[in-house]
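Trainee: Before we start, here is the structure in question, set down as structure tokens.
There are 2 protein chains.
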Amino acid sequence: MRIAVIGTGVVGRTLAGRCAELGHETVVGTRDVSATLSRTDGDGSATVADWLAANPAVRLLDLPSAGGFGELVVNATNGAASLQSLAGVGAENLAGKVLVDVANPLDFSRGFPPTLLVKDDDCLGEQIQREFPDARVVKTLNTVTAAVMVDPGQVGDGGTTVFLSGDDAPAKALVAGLLAEFGWRDILDLGDITTARGTEMYLPLWLRILGARNSPQFNIRVVG
Amino acid sequence: MRIAVIGTGVVGRTLAGRCAELGHETVVGTRDVSATLSRTDGDGSATVADWLAANPAVRLLDLPSAGGFGELVVNATNGAASLQSLAGVGAENLAGKVLVDVANPLDFSRGFPPTLLVKDDDCLGEQIQREFPDARVVKTLNTVTAAVMVDPGQVGDGGTTVFLSGDDAPAKALVAGLLAEFGWRDILDLGDITTARGTEMYLPLWLRILGARNSPQFNIRVVG
Chain A
21 MRIAVIGTGV VGRTLAGRCA ELGHETVVGT RDVSATLSRT DGDGSATVAD
71 WLAANPAVRL LDLPSAGGFG ELVVNATNGA ASLQSLAGVG AENLAGKVLV
121 DVANPLDFSR GFPPTLLVKD DDCLGEQIQR EFPDARVVKT LNTVTAAVMV
171 DPGQVGDGGT TVFLSGDDAP AKALVAGLLA EFGWRDILDL GDITTARGTE
221 MYLPLWLRIL GARNSPQFNI RVVG
Chain B
21 MRIAVIGTGV VGRTLAGRCA ELGHETVVGT RDVSATLSRT DGDGSATVAD
71 WLAANPAVRL LDLPSAGGFG ELVVNATNGA ASLQSLAGVG AENLAGKVLV
121 DVANPLDFSR GFPPTLLVKD DDCLGEQIQR EFPDARVVKT LNTVTAAVMV
171 DPGQVGDGGT TVFLSGDDAP AKALVAGLLA EFGWRDILDL GDITTARGTE
221 MYLPLWLRIL GARNSPQFNI RVVG
């Protein structure tokens, strides 16, 4: 499958690297390719240029080119800027595509822990679906840290839960297949895209569990 | 231990019944004892009068009397009315007491699923602690349905997680002991009372999992 990951942060690189490793034709989209390649202020990890050198199967493209390439597009941008980034991809490049939204609308303006920019009776997943009505938005993976997204076996016996929200059942089935390739075995379909209000509002609890455990390497398992 | 459960709904009765069963001297507090005893519009379960007849070790008292009796007081009232109910108990009857808050500030005014009356940068647990600064507030059990609160063995192998939030370490230790009596083995102390923002904001996800599973008999286990 041709996969376009929008966003060059840790989440985007982790997802793109894993998709390429699984044999998917994978590109990463960024607003300004040359600026991204010359960026040296990495977030503690390698620069994007270093990362691309180590992942030669992945190509870096501008946003419209990445969107045009992908059959499946992943929003791995900062949640506070996702609508703007996806506008850069272009509605025409998202129309009919499965758009996997893994972002959270975190507001760091008042420090840590962040609050949510949208919540309660709306959410980022819904905002994206409204803004790009011809995209087939599926919210998932936003409840775990990047390393766990692509390798759920890193926590416990690998049997923790990942959630799906979206209005398009075939799109959710396609995404569930990709999640299974990542190693997910317990995939819980919560329903339509409004159910992403639930997984986005889980973030404040995730942040407190992170604080109590001093590590983001965890997940929850739904047991019943 | 002398335990006063404030609230005669399913949550209050379930907690009070279990505390009495464990040998604690237990009372239930209600605003108007005679009105509560004559109430016939049960929420699908037995009336309070029937329930008291079946649980003769539990006494029904008015709010100040219940608060005055309890060494440990449990807020099991409707979250939208908790501050008002606890005002009825009286600050003087809560001073120095461990006040276990199991309520959620749910807003059903726009139907189901409810939204939250307070969230993000404040929560009900903090509101209660601010309103009753001499009480030792511990938030817990608000992430599971009543039956699971007092019998975690009902889900899976009983090893799911319950959370604690509060500013007073000895109060949290006392509550952890009571939770262990209920059968909880995985008790995760998240930190001070502000961490209750996390567990209260989990409710929207809890409601969507409820919707997907068609049953409230579940819980999450934190795995890492």
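Chains as they are written, first to last, in our numbering: chain A, 21 to 244; chain B, 21 to 244. Backbone N, C-alpha and C define an ideal beta-carbon position, used for all residues, glycine too.
(1) Identify each residue in the segment 188–203 of chain B for which the Cβ-Cβ distance to at least one residue of chain A is less than 7 angstroms, and report them in chain order.
(2) So which residues on chain B does residue 169 (chain A) lean against when the C-beta distance must stay under 7 angstroms?
(3) Output needed in chain order: residues of the segment 131–144 of chain B with a Cβ under 8 angstroms from some Cβ in chain A.
(4) Look up residue 183 (chain A) in the DSSP assignment and say whether it is helix, strand or coil.
(5) Closest to residue 244 (chain B) by CA distance: which of A:221, A:167, A:209 is it?
(6) Is there at least one Cβ from chain A nearer than 9 angstroms to residue 160 (chain B)'s Cβ?
(7) Identify whether residue 45 (chain B) lies in helix, strand or coil by the three-state DSSP scheme.
(8) For the putative contact between residue 241 (chain B) and residue 163 (chain B), defined by C-beta atoms under 8 angstroms, what is the C-beta separation to the nearest angstrom?
(9) Taking Cβ-Cβ distances shorter than 8 angstroms, what residues in chain B pair up with residue 235 (chain A)?
(10) First and last residue of the beta strand (DSSP E) that includes residue 24 (chain B)?
(11) In the DSSP assignment, find the unbroken alpha helix (DSSP H) run with residue 192 (chain A) in it and report its ends.
(12) Would you check if the distance between the CB atom of residue 156 (chain B) and the CB atom of residue 218 (chain B) is smaller than 9 angstroms?
(13) Could you tell me the boundaries of the alpha helix (DSSP H) in which residue 68 (chain B) lies?
(14) Which residues of the segment 203–217 of chain B have a Cβ closer than 7 angstroms to any Cβ of chain A? Give them in chain order.
(15) Between the segment 145–160 of chain A and the segment 187–200 of chain A, do at least 3 Cβ pairs fall closer than 8 angstroms?
(16) Assuming residue 223 (chain A) is part of the alpha helix (DSSP H), what are its boundary residues?
(17) Rounded to whole angstroms, what is the Cα-Cα separation between residue 226 (chain A) and residue 43 (chain A)?
(18) Output needed for residue 49 (chain A): all residues of its chain with C-beta closer than 6 angstroms, excluding positions within five of it in sequence on either side, in chain order.
(19) Counting only the same chain and skipping the five closest in sequence on each side, list residues whose C-beta sits under 8 angstroms from that of residue 200 (chain B).
(20) Determine whether the beta carbon atoms of residue 21 (chain A) and residue 41 (chain A) lie at a separation below 9 angstroms.
(21) In the structure shown, what three-state DSSP assignment does residue 116 (chain A) receive?
(22) Which residues in chain B sit within 7 angstroms of residue 224 (chain A), going by Cβ to Cβ distance?
(23) Given that residue 180 (chain B) touches chain A, what residues does it touch there, using C-beta distances under 7 angstroms?
(24) Grab me the residues of residue 31 (chain A)'s own chain with a C-beta within less than 6 angstroms of its C-beta, minus the 5 sequence neighbours each way, in chain order.
(25) Is the CB of residue 185 (chain A) under 9 angstroms away from at least one CB in chain B?
(26) In terms of alpha-carbon separation, which member of A:179, A:135, A:239, A:152 lies closest to residue 104 (chain A)?
(27) Go through its chain and collect everything with a Cβ distance to residue 77 (chain B)'s Cβ below 6 angstroms, but skip five positions before and after it.
(28) Cutting at 7 angstroms between CB atoms, please list the residues of its own chain near residue 135 (chain B), excluding the five before and the five after it.
(29) Between which two residues does the beta strand (DSSP E) harbouring residue 110 (chain A) extend?
(30) Less than 7 angstroms between C-beta atoms, sequence neighbours within five positions excluded: which residues of the same chain meet that for residue 238 (chain A)?
(31) Use the C-beta contact count for residue 189 (chain B): other C-beta atoms within 10 angstroms, 16 or more gives buried, fewer gives exposed.
(32) Taking residue 150 (chain B) as part of the beta strand (DSSP E), name the residues at either end of that continuous run.
(33) In three-state terms, what does DSSP make of residue 160 (chain A)?
(34) Under the assumption that residue 119 (chain A) contacts residue 138 (chain A) (Cβ atoms under 8 angstroms), give the Cβ distance between them as a whole number of angstroms.
(35) Mind pulling the chain B residues with CB within less than 9 angstroms of residue 166 (chain A)?
(36) Between the Cα of residue 204 (chain B) and those of B:235, B:171, B:51, B:187, spot the shortest distance and give me the residue it belongs to.
Mentor: Judging by the given coordinates:
(1) Within the segment 188–203 of chain B, no residue has a Cβ that lies closer than 7 angstroms to any Cβ of chain A.
(2) As a working note, residue 169 (chain A) is residue 149 in the first sequence. Going along chain B, no residue has its Cβ under 7 angstroms from residue 169 (chain A), so there is no contact; the nearest lies around 15 angstroms.
(3) Residues passing the 8 angstroms Cβ filter: 135, 136, 139, 140, 141.
(4) In the first sequence, the residue the question calls residue 183 (chain A) occupies position 163. Per DSSP, reduced to three states, the secondary structure at residue 183 (chain A) is strand.
(5) Taking the second sequence and counting its residues from 1, one reaches residue 244 (chain B) at position 224. Answer by Cα proximity: A:167.
(6) To locate residue 160 (chain B), count along the second sequence from 1; it is residue 140. No, residue 160 (chain B) does not count as interfacial toward chain A.
(7) Along the second sequence, read from residue 1 onward, the residue named residue 45 (chain B) stands at position 25. When DSSP states are grouped into helix, strand and coil, residue 45 (chain B) belongs to the strand group.
(8) Position 221 of the second sequence, counted from the first residue, corresponds to residue 241 (chain B). Position 143 of the second sequence, counted from the first residue, corresponds to residue 163 (chain B). That belief does not hold up - the Cβ atoms of residue 241 (chain B) and residue 163 (chain B) are roughly 12 angstroms apart, past 8 angstroms.
(9) Residue numbering aside, residue 235 (chain A) sits at position 215 when the first sequence is read from its first letter. Ordered by position in chain B, the residues that pass the 8 angstroms Cβ test against residue 235 (chain A) are 244.
(10) For the purposes of this step, residue 24 (chain B) is taken as the residue at position 4 of the second sequence. Counting along the chain, the beta strand (DSSP E) containing residue 24 (chain B) begins and ends at 22–26.
(11) Walking along the first sequence from the start, residue 192 (chain A) turns up at place 172. Segment 189–202, the alpha helix (DSSP H) holding residue 192 (chain A).
(12) Residue 156 (chain B) sits at position 136 when you count from the first residue of the second sequence. Residue 218 (chain B) sits at position 198 when you count from the first residue of the second sequence. No, they are not a contact pair.
(13) Within the second sequence, numbered from 1, the residue matching residue 68 (chain B) stands at position 48. Element bounds for residue 68 (chain B): 68–74.
(14) Answer in chain order: 208, 209, 210, 211, 215, 217.
(15) With a cut-off of 8 angstroms, the segment 187–200 of chain A and the segment 145–160 of chain A count as touching, because enough Cβ pairs lie within range.
(16) If you number the first sequence from 1, residue 223 (chain A) lands on position 203. Counting along the chain, the alpha helix (DSSP H) containing residue 223 (chain A) begins and ends at 223–233.
(17) In the first sequence, residue 226 (chain A) corresponds to position 206, counting from 1. In the first sequence, residue 43 (chain A) corresponds to position 23, counting from 1. In a straight line, the C-alpha of residue 226 (chain A) is about 32 angstroms away from that of residue 43 (chain A).
(18) Taking the first residue of the first sequence as 1, we reach residue 49 (chain A) at position 29. In the same chain as residue 49 (chain A), and ignoring 5 residues on each side of it, the C-beta atoms closer than 6 angstroms to its own belong to 24, 26, 81, 83, 86, in chain order.
(19) For the purposes of this step, residue 200 (chain B) is taken as the residue at position 180 of the second sequence. Only 207 meet the Cβ criterion.
(20) For the purposes of this step, residue 21 (chain A) is taken as the residue at position 1 of the first sequence. For the purposes of this step, residue 41 (chain A) is taken as the residue at position 21 of the first sequence. In this structure, residue 21 (chain A) lies away from residue 41 (chain A), with their beta-carbon atoms at least 9 angstroms apart.
(21) If you number the first sequence from 1, residue 116 (chain A) lands on position 96. Residue 116 (chain A) falls in the coil class under three-state DSSP.
(22) As a first step, residue 224 (chain A) is located in the first sequence; it is residue number 204 there, counting from the start. Chain B residues near residue 224 (chain A): 217, 218, 221.
(23) Taking the first residue of the second sequence as position 1, residue 180 (chain B) is located at position 160. Chain A residues near residue 180 (chain B): 243.
(24) Residue mapping note: residue 31 (chain A) aligns to position 11 of the first sequence, counting from 1. Excluding residues within five positions, the ones whose Cβ falls inside 6 angstroms are 96, 166.
(25) Numbered from 1 along the first sequence, position 165 holds the residue referred to as residue 185 (chain A). Answer yes: the Cβ-Cβ gap between residue 185 (chain A) and chain B drops below 9 angstroms somewhere.
(26) Position 84 of the first sequence, counting from 1, holds the residue named residue 104 (chain A). Among A:179, A:135, A:239, A:152, the Cα nearest to that of residue 104 (chain A) belongs to A:152.
(27) Within the second sequence, residue 77 (chain B) is the residue found at index 57, counting from 1. Excluding its 5 nearest sequence neighbours in each direction, residue 77 (chain B) has C-beta neighbours in its own chain below 6 angstroms: 40, listed in chain order.
(28) Here residue 135 (chain B) is taken as the residue at index 115 of the second sequence, counted from 1. Excluding residues within five positions, the ones whose Cβ falls inside 7 angstroms are 127.
(29) Working through the first sequence from its first residue, we reach residue 110 (chain A) at position 90. Neither: residue 110 (chain A) is in no beta strand (DSSP E) and is coded neither H nor E.
(30) As a working mapping, residue 238 (chain A) is identified with position 218 in the first sequence. Within its own chain, the residues whose Cβ lies closer than 7 angstroms to the Cβ of residue 238 (chain A), once the five positions on either side in sequence are excluded, are 175, 229, listed in chain order.
(31) Translated into the one-based positions of the second sequence, residue 189 (chain B) becomes position 169. So residue 189 (chain B) counts as exposed.
(32) Within the second sequence, the letter at position 130 stands for residue 150 (chain B). For residue 150 (chain B), there is no enclosing beta strand (DSSP E); the residue is part of the alpha helix (DSSP H) that begins and ends at 144–151.
(33) Working through the first sequence from its first residue, we reach residue 160 (chain A) at position 140. It is a strand residue.
(34) Here the question's residue 119 (chain A) lines up with position 99 in the first sequence. Here the question's residue 138 (chain A) lines up with position 118 in the first sequence. The Cβ separation is near 17 angstroms, so there is no contact.
(35) The count along the first sequence starts at 1 and reaches residue 166 (chain A) at position 146. Near residue 166 (chain A) there are no residues of chain B at all, since even the closest Cβ is about 15 angstroms away, more than 9 angstroms.
(36) By one-based count along the second sequence, residue 204 (chain B) stands at place 184. Comparing Cα-Cα distances from residue 204 (chain B) to each of B:235, B:171, B:51, B:187, the minimum goes to B:171.
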